[in-house]
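Trainee: The opening residue of the sequence shown carries number 92 in this note's numbering; numbering runs sequentially from there. Note that the Cβ used here is the ideal one computed from N, Cα and C, for glycine as well.
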Amino acid sequence: MPTPVRLQESRDFRSGLNLVADAFQLQPGETPDCLNVTLMPGGGVRSRDVVAPLNSTALTNTPQSIWTYTNSSGTNQVLVANGTKVGFSTGANFTDITVTLGSASAQVRACTFNDANYWLATAGSTFDLPYKWTGSGTPTTLTQTFVDSYTGSPLTGNMPKARLICAHMGYVWVFCMTGVRYSICLLGCARC
Numbered sequence: 092m093p094t095p096v097r098l099q100e101s102r103d104f105r106s107g108l109n110l111v112a113d114a115f116q117l118q119p120g121e122t123p124d125c126l127n128v129t130l131m132p133g134g135g136v137r138s139r140d141v142v143a144p145l146n147s148t149a150l151t152n153t154p155q156s157i158w159t160y161t162n163s164s165g166t167n168q169v170l171v172a173n174g175t176k177v178g179f180s181t182g183a184n185f186t187d188i189t190v191t192l193g194s195a196s197a198q199v200r201a202c203t204f205n206d207a208n209y210w211l212a213t214a215g216s217t218f219d220l221p222y223k224w225t226g227s228g229t230p231t232t233l234t235q236t237f238v239d240s241y242t243g244s245p246l247t248g249n250m251p252k253a254r255l256i257c258a259h260m261g262y263v264w265v266f267c268m269t270g271v272r273y274s275i276c277l278l279g280c281a282r283c
């Protein structure tokens, strides 16, 4: 006969945060995740000191994605996909950058290349052309012109339309591309 499930409700987390890999090793009064709060020694919860609102007013739509970006001059920025727009902030209200996402459900996917000084984004579900942004001004719309042979040199400013994008080990990987078939895959290629 299986052991019955036993639930224990905890309301006292004065012992604090414990980031052990096995949550079953927590002592009474410990929590595995405090998110953005600090547990007070006498009981109670308050926001951590490092948490502060960026916008003085609410965004016009529900944020879909959020990223961090540091440009070559060391300016830290937060980017957010908000409806059909992408905005950035350096610590104050968000400023829209000119990116047309087609619809509020475009599900922007992006990755940051801090060493290369740019941010790449693709409007995943709509297969719009991808964008490259360097931290100021208007983003550059990238095209899909590629060299298909081993001997040709890749052209700059080109990237396939894709639903997903990520950066790993200094390379851009794109997945779920449009129907373009490449005989050589210089980028991580996977078709949906």
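Which of the three DSSP states, helix, strand or coil, is assigned to Phe266?
Mentor: Looking at Phe266 - three-state DSSP - the assignment turns out to be strand.
Trainee: Output needed for Thr225: all residues of its chain with C-beta closer than 7 Å, excluding positions within five of it in sequence on either side, in chain order.
Mentor: Result list for Thr225: Asn162, Asn208, Tyr209, in chain order.
Trainee: Please classify Pro95 as buried or exposed, where buried requires at least 16 neighbouring CB atoms within 10 angstroms.
Mentor: Classification for Pro95: exposed.
Trainee: Run through DSSP, which three-state label would Gln116 get?
Mentor: In the structure shown, Gln116 sits in a helix (DSSP, three-state: H, G or I).
Trainee: According to the neighbour-count rule (16 or more other Cβ atoms, all chains shown, within 10 Å of its Cβ), is Val136 buried or exposed?
Mentor: Exposed, by the Cβ-count rule.
Trainee: Kindly indicate the opening and closing residues of the beta strand (DSSP E) around Phe179.
Mentor: Note, Phe179: beta strand (DSSP E), 176-180.
Trainee: Find out if the Cβ-Cβ distance for the pair Gly133, Thr151 is shorter than 9 Å.
Mentor: No.
Trainee: According to DSSP, simplified to helix, strand and coil, what is Asn162?
Mentor: Residue state, collapsed to three classes: coil.
Trainee: Would DSSP call Leu251 helix, strand or coil?
Mentor: The sequence as given places Pro at residue 251; Leu does not occur at that position. Reduced to three states, the DSSP call for Pro251 is coil.
Trainee: Pull up the distance between the alpha-carbon of Ile256 and that of Pro230, whole angstroms please.
Mentor: Cα to Cα, Ile256 sits roughly 17 Å from Pro230.
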